[in-house]
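Below is one structure, written out as structure tokens; the observations come after it.
Numbering (full-length UniProt numbering), first residue to last: 1 to 373.
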């Protein structure tokens, strides 16, 4: 079994899909590992580190030759996979909805493309979930990015010259990223509040020492979708939520938005009119900016100002913590492949529930139900 580790080609992508730690583990399972030269450089991993772990390094053509499994962080351009073995697995974050043409191209190449972001949110797959591991870092980094743009301190400080008030931080969307954002803002000393359309998150917010901000007067709307994601709300709920948020957001110094709905544009949570009510010098970080954004006026890849408020729209936030993000991502891939490893040397034998979820292509065809529906 040969595993190929590719150097990422997407703009701004600093992560790598395998680390010396996971290389050693794959070799311990009986695999050989080939790493494209320079693949780990942006994540502080040298070719020598991979070689010391037992991998070979070299140009892409040599790395791909005869590989049974190809690992990546983002899906590689199909034209860069010349010489890949028919039937080889491509295991990466493939953005199936946003890059459907690329998925079709993988099928034509005869690859079995497995999208790790389609991993079902079930207990036995938690350690394989790239969305959770990377979102955790995104929530942490969002708070640091907000602090870097905010012109004041986060914690309350009592000095001989007077008292500095604590920053007020509001987190919108209490998934993995939102929970980490709450915890990080609390550690930095901010007064933190949070909201979500899923009423079950109230206890999680309280457990982190933050204040829940919820619509209480609209009954029967829980917001819980499949896999723990939020669903779209009724017009009645959206109106009530907008009124509540408008009154709350005007008092905040920091707002972090994290709301995503799989396969759809990110829901709009903050309007330009609401931004105009915030104090000059306030900061909003939109973690959904690459999916259309939760914040009106947010621009992917830029920090913009509206009404004296900075709106941070960094792309690929986990990649801004490349070393740790790579370590977690690489473990997700190893946990997935090793859980179904074939000791006889064949491709891993993934059970139907997981394989049906993550497999996009097989036998030259797109086979995933979410792409065919």
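Just so you know, even glycine gets a beta-carbon here, dropped at the ideal spot from N, CA and C.
Quantities reported herein were computed from a predicted structural model and do not represent experimental measurements.
Residues of the same chain with a CB within less than 6 Å of the CB of residue 276, apart from the 5 flanking positions on each side, are 307 in chain order.
Secondary-structure assignment with DSSP links residue 129 through no beta bridge to anything. Boundaries around residue 354 are those of the alpha helix (DSSP H), 352-358, since no beta strand (DSSP E) includes it.
Under the Cβ criterion (8 Å, minimum of three pairs), the stretch 113-120 counts as touching the stretch 342-357.
Contact between residue 128 and residue 316 does not hold, since the beta-carbon distance rounds to 21 Å and is not under 8 Å. Remark: C-beta atoms of residue 81 and residue 69 do not approach each other more closely than 9 Å.
Taking C-beta separations shorter than 6 Å and ignoring five residues to either side along the sequence, the partners of residue 211 in its chain run 193, following chain order.
Here residue 365 carries a strand assignment [DSSP, helix/strand/coil]. Residue burial annotation: residue 154 is buried, with at least 16 other C-beta atoms found within 10 angstroms of its C-beta. Looking at 340, 339, 333, the one whose alpha-carbon comes closest to that of residue 91 is 333. About 6 Å separates the beta carbon of residue 54 from that of residue 23, a gap short enough to meet the 8 Å contact definition. In the structure shown, residue 116 falls within a helical segment according to DSSP collapsed to helix, strand and coil.
In terms of Cβ geometry, residue 259 and residue 173 form a close pair [threshold 9 Å]. Judged by DSSP in its simplified three-state form, residue 170 adopts strand. Annotation: residue 101 to residue 261 spans about 21 Å, alpha carbon to alpha carbon.
In the DSSP assignment, residue 306 falls within the beta strand (DSSP E) that extends over 303-306.
Look at the beta carbons and you see the stretch 319-332 not touching the stretch 289-306: under three pairs across the two are nearer than 8 Å. Taken through DSSP and simplified to helix, strand or coil, residue 212 comes out as strand. For residue 56, the enclosing beta strand (DSSP E) starts and ends at 56-58.
Residue pairing by DSSP puts residue 310 in a beta bridge opposite 283, 305. Residue 368 is classed as buried because its beta carbon has at least 16 other beta carbons within 10 Å across all chains shown. Listed in chain order, the non-local C-beta contacts of residue 359 below 7 Å within the same chain comprise 112, 114, 367, 368, local neighbours out to five positions each way being set aside. Residue 50 and residue 78 do not touch by the CB rule: their CB atoms are close to 25 Å apart, not below 8 Å.
Residue state for residue 141 is assigned as helix, using DSSP reduced to three classes. Counting C-beta pairs closer than 8 Å gives fewer than three between the stretch 337-350 and the stretch 160-178, which falls short of the contact rule.
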